[in-house]
Structures are given as structure tokens and as C-alpha cells.
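Numbering (the working numbering), first residue to last: 2 to 427.
Here's the structure, in C-alpha cells; my notes come after.
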Ligand code: PLP
């Protein structure tokens with residue numbers, strides 16, 4: 002199965018017969034098996050063995066080392082907001098790298114200043130921005146802001162995911178990920194997600210912050226009941242605690258709004274971003290408002306790469322493109338089309354379709370998500386088995402209606418195929 006079998010829905014330039022896909026794509030002419038073998042020899046086992054080596058991408062499509070094309074509804078785990086190789090990102094990175102690549106925080110460059118101004122404008126409030134290199138780091142900065150209030154206790158949600166560095170891991174509500182690393186920096190209580198009464202009971206006058214995702218992404222795309230974020234705002238304000246919204250997965254247009262909480266009119270004290278912000282380049286951001294904006298003072302935090310001009314230029318290109326091409330509206334339309342197509346007509350394996358915008362969870366009637374992911378890949382689709390019984394979809398915000406329709410047709414066939422497969426074949 003090579004590119005033409007799967008590439009017909011591509012954006013034109015990306016679905017050619019792939020003359021550049023194999024040898025020139027990975028720089029060595031290696032096939033899938035060879036790249037996997039090399040990976041196994043030299044890479045840490047932290048990620049296990051990735052099942053598919055990818056060598057190039059264009060728009061919503063990627064190609065493996067044997068030039069097979071896939072419609073990419075993983076998007077680098079909700080990262081590739083503009084898809085692969087978007088010309089605006091390529092141009093911004095190329096121009097900035099040729100002009101000024103890195104200065105460190107001993108000096109000032111314009112791209113991080115412009116990006117901070119822009120993010121605050123999109124937030125609609127004055128504040129201050131700390132740039133990090135990942136989502137976990139953005140949350141580490143939020144953790145430190147919390148400690149700098151002078152209070153120590155923190156509250157987060159069971160099942161929530163905030164990253165794997167030690168502070169972020171302490172907030173992550175998944176004990177299997179925490180267990181090998183205890184003791185973690187502490188005094189964190191975890192409460193059931195979506196339960197305002199439990200949150201109210203956990204927050205005290207000693208609580209520094211409450212950190213929540215507007216939609217729990219890694220936990221299987223869980224949408225809280227309406228009013229939950231409002232309740233969290235009211236509860237934290239009453240206790241003098243900071244409300245930190247982790248918009249690392251939901252921010253930058255993923256749900257059809259710049260920030261998911263804007264849809265509900267909730268204003269947090271701290272908002273963390275990463276993933277889609279860099280359009281494929283590594284960047285995180287911690288936005289702080291009100292008194293929280295003054296807590297990071299000289300010497301309290303930092304990173305050599307904070308505000309790197311090249312990644313900031315990429316992020317500005319992402320924001321420009323979302324704004325100039327009306328992508329927020331487009332995400333709402335494409336997300337609706339995708340969710341409707343997944344539910345109608347009903348498929349016996351689909352129990353529920355949930356999410357917001359282009360962050361979609363397909364809850365399955367059986368714990369066979371790995372099997373569905375495998376069947377989808379065989380059908381030329383990349384999807385993510387985020388839980389035993391949930392498939393997560395996070396295509397580029399630029400995905401076309403034709404690509405959504407191609408996805409729906411193939412995914413339905415993949416669901417049927419997975420249903421017929423023996424569990425051991427997964
Ligand atoms: N917070 C949320 C909501 C996430 O989804 C993730 C990553 O999946 C993180 C934090 C951690 O981000 P990173 O993997 O860039 O450290």
C-alpha cells in the first residue's frame with residue numbers, strides 16, 4: 002500500500018507518488034523495519050518501540066519509510082495545528098534562523114516579546130508570560146508560581162495529566178505514573194474531575210492553586226459538566242487560591258476557541274500552553290494574570306532556551322495563520338462534521354463520541370482501542386488509542402471536509418475490521 006492508495010484526499014502537493022518519500026525522506030534509504038531496528042539499539046526504552054517510522058509530511062498527510070501515506074488524525078498528539086510542513090511555519094523558521102537563532106535570556110530578541118504581546122492580546126487581559134520548552138515545563142512554572150504565594154497545598158483532578166517532570170507529575174492524577182517517583186513535591190490532593198462539590202471540599206485557606214484541564218485529554222477526552230470551570234473559579238477566588246487552567250492540549254484553537262475556557266467566559270489566574278502553539282516546534286508558555294503575574298521575580302525561575310527566537314517565530318506564524326484564515330470557525334465546523342459522521346449512522350463498536358472542536362474521543366463498546374488503532378493504520382489512518390476503550394482524534398486544525406469524509410469512510414471500515422479481529426491479533 003503506497004501513497005496513491007491513500008493520498009487522494011491530500012492537499013495536492015502532498016500526495017504525489019512520493020519520489021522524495023523514501024531515500025531522501027529519511028536520509029539513509031532505510032525502510033520501516035531497518036529504522037525500527039536502529040531505534041531499538043540506541044534509544045531509551047521510555048517510549049517502547051514506536052510502531053511506525055515516519056519520514057515526511059504535508060498538510061494532513063504523512064508518509065512512512067516505505068512511502069506509504071497516512072491521513073494523520075494524531076497530529077503529533079494535538080501538536081501540528083497547521084498540519085505538516087505548513088509554508089507559513091517553514092518560512093518563519095527559515096527566516097528567523099537565518100537572522101538570529103538564539104540569544105539566551107541574557108539578551109532580548111523581538112520574537113518572544115511579540116509572541117507574549119500576542120498571547121496576552123488573545124487572552125484579552127494584561128499579564129506576564131514565561132516561555133518554556135514543553136508542556137510539563139509550562140506547568141512547572143505554574144507550580145513554582147503556586148509555591149511563591151507562600152501556600153503549599155495544591156489540588157488537581159484524578160485522571161488529569163499535567164506532564165512528567167517532578168512538579169507536574171505531582172499534579173498529574175495518575176498514580177501508576179507517580180508511583181516509581183515518590184516522594185513527589187508535595188501536598189497535592191486529587192479530586193474526582195467534574196465534581197464541583199468535591200473540589201469545594203478539598204480547597205482550603207492553605208491552598209495555593211487548583212490546576213485543571215478544561216477537557217481531560219490524556220484521560221480519554223473527558224468533558225466536564227457545564228458550569229464546572231465556573232465553579233472552580235468561584236471556589237478558588239473565595240479561598241484566595243490561584244486557578245490554573247492547563248490548556249496545553251485544549252488551547253490555540255484546538256476546541257474552536259483560542260483557549261477552551263473562553264467558550265465559558267472563565268478567566269484563570271494562570272494559563273499554561275504548549276503543543277499546538279509551536280506548530281511542531283517545542284515551546285510552552287505560562288501566562289499569569291493579576292497578582293499571580295508578579296510572583297516570578299529575578300532568580301526564581303529560568304531556562305536557557307526560554308523565548309528562543311526561532312520557536313517564537315514559528316508560534317507567531319501559527320497564530321497569524323489561525324487568525325488570517327479564520328481557522329477557529331473552521332475547527333468548529335470540521336469538528337461538528339467529524340463528530341456527526343462518527344455517530345451517524347451508529348456503529349456497534351462506538352459507544353459515545355465526545356470532545357470539543359477537533360479534540361475528539363471515540364469511546365468504544367469494548368476495550369479494543371489498540372485493535373482499532375492497528376486496523377485504522379492498515380486502512381491508511383493514524384489515530385491514537387489513548388485508553389483501553391477510547392480512540393483520540395486530534396487532526397490538524399486545517400483538515401479539509403474532504404479529508405474528514407475520507408477519514409470517516411476508512412475509520413468505519415477499520416472499526417468493522419477490528420470488531421472481526423481476534424484480540425490476540427491486535
Ligand atoms: N498538560 C496536558 C493537558 C497535556 O496533554 C500534556 C501532554 O500530553 C502535558 C501537560 C505535558 O506536555 P509535554 O508532553 O509537552 O511535557
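Positions of the beta carbon are idealized from the N, C-alpha and C atoms, including for glycine.
Every value quoted in this text rests on a predicted model; they were computed, and no experiment measured them.
Pair within 7 Å by beta-carbon distance, residue i and residue j
| i | j | result |
| --- | --- | --- |
| residue 261 | residue 215 | yes |
| residue 104 | residue 286 | no |
| residue 84 | residue 61 | yes |
| residue 221 | residue 253 | no |
| residue 395 | residue 360 | yes |
| residue 63 | residue 280 | no |
| residue 229 | residue 264 | no |
| residue 327 | residue 256 | no |
| residue 174 | residue 191 | yes |
| residue 140 | residue 397 | no |
| residue 126 | residue 290 | yes |
| residue 282 | residue 318 | no |
| residue 433 | residue 172 | Within the shown structure, residues of the chain are numbered from 2 to 427, placing residue 433 beyond reach of any answer. |
| residue 344 | residue 354 | yes |
| residue 390 | residue 415 | no |
| residue 211 | residue 185 | no |
| residue 132 | residue 113 | yes |
| residue 408 | residue 72 | yes |
| residue 110 | residue 116 | no |
| residue 288 | residue 128 | yes |
| residue 387 | residue 335 | no |
Buried versus exposed, by CB contacts within 10 Å (16 or more), residue i
| i | result |
| --- | --- |
| residue 28 | Below a pLDDT of 50, predicted positions are generally treated as unreliable, and residue 28, at 43, falls in that range; the measurement from the model is reported next regardless. It counts as exposed. |
| residue 44 | exposed |
| residue 250 | buried |
| residue 23 | With a pLDDT of 34 at residue 23, under the threshold of 50, the predicted position of this residue should be treated as unreliable, and no value is reported. |
| residue 272 | buried |
| residue 92 | exposed |
| residue 404 | buried |
| residue 298 | exposed |
| residue 383 | buried |
| residue 321 | exposed |
| residue 40 | exposed |
| residue 164 | buried |
| residue 176 | exposed |
| residue 182 | exposed |
| residue 107 | exposed |
| residue 42 | exposed |
| residue 26 | Legend: pLDDT at residue 26 = 40, less than 50; position of this residue unreliable, value from coordinates given subsequently. With 16 or more Cβ atoms within 10 Å of its Cβ, residue 26 is classed as buried. |
| residue 294 | buried |
| residue 122 | exposed |
| residue 421 | exposed |
| residue 38 | exposed |
Residue i CB to nearest heavy atom of the ligand PLP below 6 Å
| i | result |
| --- | --- |
| residue 249 | yes |
| residue 136 | yes |
| residue 275 | yes |
| residue 336 | no |
| residue 163 | yes |
| residue 218 | yes |
| residue 141 | no |
| residue 214 | yes |
Minimum C-alpha distance to residue i - residue among the options
| i | options | result |
| --- | --- | --- |
| residue 152 | 208, 421, 383, 58 | 208 |
| residue 194 | 142, 225, 256, 240 | 225 |
| residue 150 | 114, 228, 242 | 242 |
| residue 201 | 154, 109, 237 | 237 |
| residue 98 | 37, 381, 312, 50 | 312 |
| residue 1 | 340, 50, 213, 240 | Outside the displayed range of the chain (2 to 427) lies residue 1, so it cannot be described from this structure. |
| residue 275 | 351, 142, 160, 333 | 142 |
| residue 376 | 33, 417, 325, 304 | 417 |
| residue 86 | 113, 110, 57, 67 | 57 |
| residue 166 | 144, 148, 159, 323 | 144 |
| residue 146 | 338, 340, 292, 346 | 292 |
| residue 33 | 50, 66, 100 | 66 |
| residue 218 | 128, 401, 159, 113 | 159 |
| residue 206 | 392, 179, 240 | 240 |
Uninterrupted beta strand (DSSP E) stretches inside the stretch 60 to 126 (no shorter than 3 residues): Listed in chain order, the beta strand (DSSP E) runs fully inside the stretch 60 to 126 are 62 to 65, 70 to 73, counting runs of at least 3 residues.
Every unbroken alpha helix (DSSP H) inside the stretch 309 to 371 [4 residues or more]: For secondary structure counted as the alpha helix (DSSP H) over 4 or more consecutive residues, the stretch 309 to 371 holds these complete runs in sequence order: 310 to 325, 328 to 344.
Start-end ranges of the beta strand (DSSP E) lying completely within the stretch 192 to 279, minimum 3 residues: You should have 208 to 213, 243 to 247, 271 to 274.
Completely contained alpha helix (DSSP H) runs for the stretch 126 to 150, where each covers 4 or more residues: Qualifying alpha helix (DSSP H) stretches, in chain order: 136 to 148.
3-residue-minimum beta strand (DSSP E) runs that sit fully inside the stretch 377 to 420, ordered along the chain: The stretch 377 to 420 contains these whole beta strand (DSSP E) runs: 385 to 388, 391 to 394.
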